Amino acid sequence: MTEEAAARPERKGLPFIVEFPLLVLVALAVAIVIKTFLVQAFWIPSSSMVPTLEVDDRVLVNKLEYRLGQPEPGDVVVFESPYGDDEVDEPFIEAFARSIVESLGIRTATVPDDFIKRVIATEGQEVAIVGNQVVVDGVALDEPYLPAGVDMADMEPTTIGPDELWVMGDNRNHSSDSRVFGPIPADEVVGRAFVVMWPLDRWSGL
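With our numbering, letter number 14 in the sequence shown gets 11, and the count goes up by one each step, no holes.
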């Protein structure tokens, strides 16, 4: 050991009892930033997307993609409830805890459920249902993701307005979608679901 090294004071780290909570706080902050701006896990509460998504599946949603582009037909998207904003006014601590829980895709009861559906048509397109088939701009869609036994009532042609999307659940017999609440504003889309992350035996891309 040189004299210079011997003279240099030993650098001491923070005590573990202080360092560990700081590390936890940093990890939580990173998780919140990721959840807010990049990727978030969502819990699937209903059968409206069966067989593509089953009840209690967890999906990862890319929240950045539509800041750089627009939803396309076929995308599976998460969007804000079309039935209005019923959020509870939460204290800061409860809101913070909920953000952590939601980042793991765990169900919470303090906020309204977001919806998850498939984009069928975008602005300027015309959508109709004829003879148990969805028709967009006069062409019947090939929808291999639908379950057997789908029975859709005929629907008159509807033209999708500017900055709007027509969305439908894959499980058409058990889905509240644009057939009920109409087109949704594109700016209410949270992001695109791109992978089923849980349970592990159902891991797959969307």
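Note that beta-carbon positions come from the ideal geometry of N, C-alpha and C, so glycine has one too. Note that the structure is a prediction, hence the values are computed from the model and not measured.
For Gly188 against Glu62, the beta-carbon gap comes to about 6 Å, under 8 Å, which counts as contact. Between Asp111 and Val75 a beta carbon distance of about 5 Å is seen, short of the 8 Å cut, so the two are scored as contacting.
Taking the Cα positions, Asn168 is about 13 Å away from Ile41. Only residues of its own chain outside the window of five on either side were considered, and among them Asp151 have a CB closer than 7 Å to the CB of Val127, listed in chain order. In the structure shown, the three-state DSSP call for Asn59 is strand. Ser175 and Met165 have their C-alpha atoms roughly 6 Å apart. A distance below 7 Å between beta-carbons, with the five flanking residues on each side excluded, links Gln122 to the following residues of its chain, in chain order: Val133, Asp134, Ile157.
Nearest in C-alpha terms to Lys60, of all of Ala38, Thr155, Ser43, Val177, is Ala38. Just measuring C-alpha positions, the residue of Gly71, Asp54, Arg115 sitting nearest Ser172 is Arg115.
Within the segment 158 to 194, the complete alpha helix (DSSP H) runs of at least 4 residues fall at 175 to 178. Taking 9 Å as the cut-off, the beta carbon of Val192 is found closer than this to the beta carbon of Val56. Going by DSSP, Ala145 is part of no beta strand (DSSP E) at all; its letter is neither H nor E. A direct Cα-Cα distance of roughly 15 Å separates Ser44 from Arg199.
The beta carbon of Trp163 lies closer than 6 Å to those of Ile117, Ala118, Val124, Ile157, Ser175, Pro180 in the same chain, with the five residues before and after it left out. In this structure, the CA atom of Trp195 is about 36 Å from the CA atom of Thr155. Annotated three-state conformation of Ile41 is coil, per DSSP.
CA-to-CA, the gap between Leu203 and Thr49 works out to about 8 Å. Spanning the alpha carbons of Gln67 and Gly146 requires a straight line of approximately 32 Å. Here the C-alpha atom of Asp72 lies approximately 47 Å from the C-alpha atom of Ile14. Here Asp160 is near Glu120, since their CB atoms are less than 9 Å apart.
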